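Worksheet for the structure shown next.
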Amino acid sequence: MKAALLTAPQTFQIESIPPPQPKEGEVIVRVKRAGVCGSDIHFYEAGRIGETVLTDPFLMGHEFSGVIEDACGVSGAPQEGARVAVDPAVHCGVCPFCLAGRPNICPDVKFTGFPPYSGAFAEYISIPVQNVYPMPDEISDDCGPLLETLAVAVHTLELMGDVQGKNCAVLGAGPVGMLTMLTLRHYGANVRFLTEPVKDRREKAMQLGCEFAFDPAQTDEIEDHSKRTTNYGPDIIFETAGEPESYQAALEWVRPGGTVCIIGIYPQGAMPLDFTAARRKEAVIQLVRRSLPHNYPEAIRLAAEGAIDLPPLATHNFPLERIGDAFSTAHHKTDGVIKALVSP
Ligand SMILES: [Zn+2]
Ligand SMILES: [Zn+2]
Numbered sequence: 000m001k002a003a004l005l006t007a008p009q010t011f012q013i014e015s016i017p018p019p020q021p022k023e024g025e026v027i028v029r030v031k032r033a034g035v036c037g038s039d040i041h042f043y044e045a046g047r048i049g050e051t052v053l054t055d056p057f058l059m060g061h062e063f064s065g066v067i068e069d070a071c072g073v074s075g076a077p078q079e080g081a082r083v084a085v086d087p088a089v090h091c092g093v094c095p096f097c098l099a100g101r102p103n104i105c106p107d108v109k110f111t112g113f114p115p116y117s118g119a120f121a122e123y124i125s126i127p128v129q130n131v132y133p134m135p136d137e138i139s140d141d142c143g144p145l146l147e148t149l150a151v152a153v154h155t156l157e158l159m160g161d162v163q164g165k166n167c168a169v170l171g172a173g174p175v176g177m178l179t180m181l182t183l184r185h186y187g188a189n190v191r192f193l194t195e196p197v198k199d200r201r202e203k204a205m206q207l208g209c210e211f212a213f214d215p216a217q218t219d220e221i222e223d224h225s226k227r228t229t230n231y232g233p234d235i236i237f238e239t240a241g242e243p244e245s246y247q248a249a250l251e252w253v254r255p256g257g258t259v260c261i262i263g264i265y266p267q268g269a270m271p272l273d274f275t276a277a278r279r280k281e282a283v284i285q286l287v288r289r290s291l292p293h294n295y296p297e298a299i300r301l302a303a304e305g306a307i308d309l310p311p312l313a314t315h316n317f318p319l320e321r322i323g324d325a326f327s328t329a330h331h332k333t334d335g336v337i338k339a340l341v342s343p
């Protein structure tokens, strides 16, 4: 089958590799769309994320949807030809965290498309049947990969409890920030402002219903606006940019007793942060890791019912042969890109 292997930083090669050999309980999915995620871009740019370094050619891709090519005789599998969304996290199922219903923190998770587990920038992939979810016709192929990110937003709000009527802010308007904002609005929160350096993204966030989008450099305007709309600062600030400045800003802008919820991933390891302001406010810091299996059906329901509008976020689609263009568009945030997709 055709696959796009990352062979060196910023270098993909389209190669013919053996198709996947399904293990017991796995089905084969023909990949229709695979999304480019920020974490993929770190590997593409630097060949590493934190301590995980790429040495051999690697097949990335963890946000994807497709059709069942071969149900492999697995009982309970969707029929061959069924459209499916896929949860990329394969948990061990037996550790104390999996047994306690928190498999997203399973130390033995096999995460599809994260070294050493091959991903979906290829024609086919095999995946355990419990990781595939039938995708209703209301959700287009292009929107399938966004369900993975939407599941993260759903999980995040689950951690935050009832957000109805709360004053919130979202830092960063990439796919995670946009979906966090939309999900907050769906659940009745007031998203008082969003920060984002890319102008196109600020405009799109406003079109999608954010009350106000600022460039993060407009600190005086942001603080004025925050004071006017929230008095003491947002109850919850969601950091989705993964940038040191926005982690720091979240700690400083949150209201006394409020919560800073960190979803963004800082790829370079240790980050210097000044906790003085947050400590004086006895702020809560909630870190978020991926999502839980039950968030996936909820994400599918929200998207299928149109409660969360995914199509405006699925902005670009490239054939597999142009995966390098998909990555550079996503990396440089050009051409109004929110989510760049690849069609194997
Ligand atoms: Zn991702
Ligand atoms: Zn486990």
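Numbering of the sequence shown is given in numbering that gives the first Met the number 0, commencing with residue 0 and proceeding in unit increments. C-beta atoms are modelled at their ideal positions from N, C-alpha and C, and glycine is treated no differently. All values derive from a computational prediction rather than experimental measurement.
field: Own chain residues within Cβ distance below 6 Å of THR228, not counting five before or after
entry: If you number the sequence shown from 1, residue 228 lands on position 229. Cβ neighbours of THR228 beyond the five flanking positions: ARG191.
message: Quick check: what's the CA-CA separation for GLY24 versus THR275?
response: On the sequence shown, residue 24 is found 25 positions in, with the first residue counted as 1. On the sequence shown, residue 275 is found 276 positions in, with the first residue counted as 1. Answer to the nearest angstrom: the Cα atoms are 51 Å apart.
task: Check whether the Cβ of GLU122 sits closer than 7 Å to any heavy atom of ligand 1, and report yes or no.
output: On the sequence shown, position 123 is the one that residue 122 refers to. Checking every heavy atom of ligand 1 against the Cβ of GLU122, none is found closer than 7 Å.
query: For PRO133, which option in GLY164, GLY65 and GLY72 has the closest C-alpha, if you only look at C-alpha atoms?
result: Within the sequence shown, residue 133 is the residue found at index 134, counting from 1. When each option's Cα is compared against that of PRO133, the closest is GLY65.
query: For PRO127, which three-state DSSP category applies?
result: Here the question's residue 127 lines up with position 128 in the sequence shown. PRO127: strand per DSSP, three-state reduction.
query: Under a Cβ-count criterion, where at least 16 other Cβ atoms within 10 Å of its own Cβ denotes burial, should PRO102 be classed as buried or exposed?
result: Numbered from 1 along the sequence shown, position 103 holds the residue referred to as residue 102. Counting Cβ neighbours within 10 Å, PRO102 comes out buried, since at least 16 surround it.
- request: Going by DSSP, name the residue or residues bridged to ILE236.
  value: Counting from one through the sequence shown, the residue named residue 236 turns up at place 237. Beta-bridge pairing links ILE236 to ALA168 and VAL259.
message: Quick check on DSSP: helix, strand or coil for ILE138?
response: The count along the sequence shown starts at 1 and reaches residue 138 at position 139. Of the three classes helix, strand and coil, the one that applies to ILE138 here is coil, per DSSP.
- request: Using the Cα positions of CYS36 and GLY323, report the straight-line distance between them to the nearest angstrom.
  value: Along the sequence shown, one-based indexing puts residue 36 at 37. Along the sequence shown, one-based indexing puts residue 323 at 324. Looking at the two C-alpha atoms, the distance is approximately 13 Å.
message: ligand 2 and ASP308: does any heavy atom of the ligand fall closer than 7 Å to the residue's C-beta?
response: Taking the first residue of the sequence shown as 1, we reach residue 308 at position 309. No, ligand 2 has no heavy atom inside 7 Å of this Cβ.
message: Taking contact to mean 3 or more Cβ pairs, one atom from each stretch, closer than 8 Å, check whether the region 284 to 292 and the region 265 to 272 are in contact.
response: no
field: PHE120: first and last residue of the uninterrupted beta strand (DSSP E) it sits in
entry: For this step, residue 120 is matched to residue 121 along the sequence shown. No beta strand (DSSP E) holds PHE120; DSSP gives it neither H nor E.
Residues near HIS224 by beta carbon distance below 8 Å, same chain, minus five either side: Within the sequence shown, the letter at position 225 stands for residue 224. Cβ within range, chain order: ARG191, PHE192, PHE211 and PHE213.
message: Am I right that LYS203 and PRO311 are in contact with their C-beta atoms under 8 Å? What's the rounded C-beta distance?
response: Counted from its first residue, the sequence shown places residue 203 at position 204. Counted from its first residue, the sequence shown places residue 311 at position 312. LYS203 to PRO311, Cβ: 7 Å. Contact.
- prompt: How would you write the range of the alpha helix (DSSP H) that GLN247 sits in, first residue to last?
  reply: What you label residue 247 is simply residue 248 of the sequence shown in a count that begins at 1. Looking at the DSSP string, the run of the alpha helix (DSSP H) that includes GLN247 is 243 to 252.
query: Among residues of its own chain, excluding the 5 on either side of PRO127, which ones have a beta-carbon nearer than 7 Å to its beta-carbon?
result: Position 128 of the sequence shown, counted from the first residue, corresponds to residue 127. Only GLY24, GLU25 and VAL89 meet the Cβ criterion.
field: DSSP state of ASN230 mapped onto helix, strand, coil
entry: If you number the sequence shown from 1, residue 230 lands on position 231. ASN230: coil per DSSP, three-state reduction.
query: Between the region 174 to 192 and the region 300 to 317, do three or more beta carbon pairs fall short of 8 Å?
result: yes
message: Measuring only from the beta carbon, is VAL93 closer than 7 Å to any heavy atom that is part of ligand 2?
response: Taking the first residue of the sequence shown as 1, we reach residue 93 at position 94. Correct: VAL93 has its Cβ closer than 7 Å to ligand 2.
Beta strand (DSSP E) segment containing LEU145, residue limits: For the purposes of this step, residue 145 is taken as residue 146 along the sequence shown, with counting starting at 1. Looking at the DSSP string, LEU145 is not in any beta strand (DSSP E); the run it does join, the alpha helix (DSSP H), is 145 to 159.
message: For PRO95 and PHE326, what's the separation of their Cα atoms in angstroms?
response: Walking along the sequence shown from the start, residue 95 turns up at place 96. Walking along the sequence shown from the start, residue 326 turns up at place 327. Their Cα atoms are separated by approximately 38 Å.
field: Beta-ladder partner(s) of THR364, from DSSP
entry: Since the first residue of the chain shown is 0 and the last is 343, residue 364 is not available in this structure.
task: Going by CA-CA distance only, name the one from ALA277, PHE110, MET270 and ILE27 that's closest to ARG254.
output: As a position in the sequence shown, residue 254 is number 255, starting the count at 1. Of the candidates ALA277, PHE110, MET270 and ILE27, the one whose C-alpha sits nearest the C-alpha of ARG254 is ALA277.
query: Within 7 Å: the Cβ of GLU68 and any heavy atom of ligand 1?
result: Here the question's residue 68 lines up with position 69 in the sequence shown. Because no heavy atom of ligand 1 lies under 7 Å away, the Cβ of GLU68 does not count as near it: no.
message: Which residue marks the beginning of the alpha helix (DSSP H) containing ILE299, and which one marks its end?
response: Position 300 of the sequence shown, counted from the start, is the residue given in the question as residue 299. Per DSSP, ILE299 belongs to the alpha helix (DSSP H) from 294 to 303.
query: Do we get a CB-CB distance below 8 Å when we pair GLY173 with the residues of chain D?
result: Note that chain D does not occur in the displayed structure, where there is just one protein chain.
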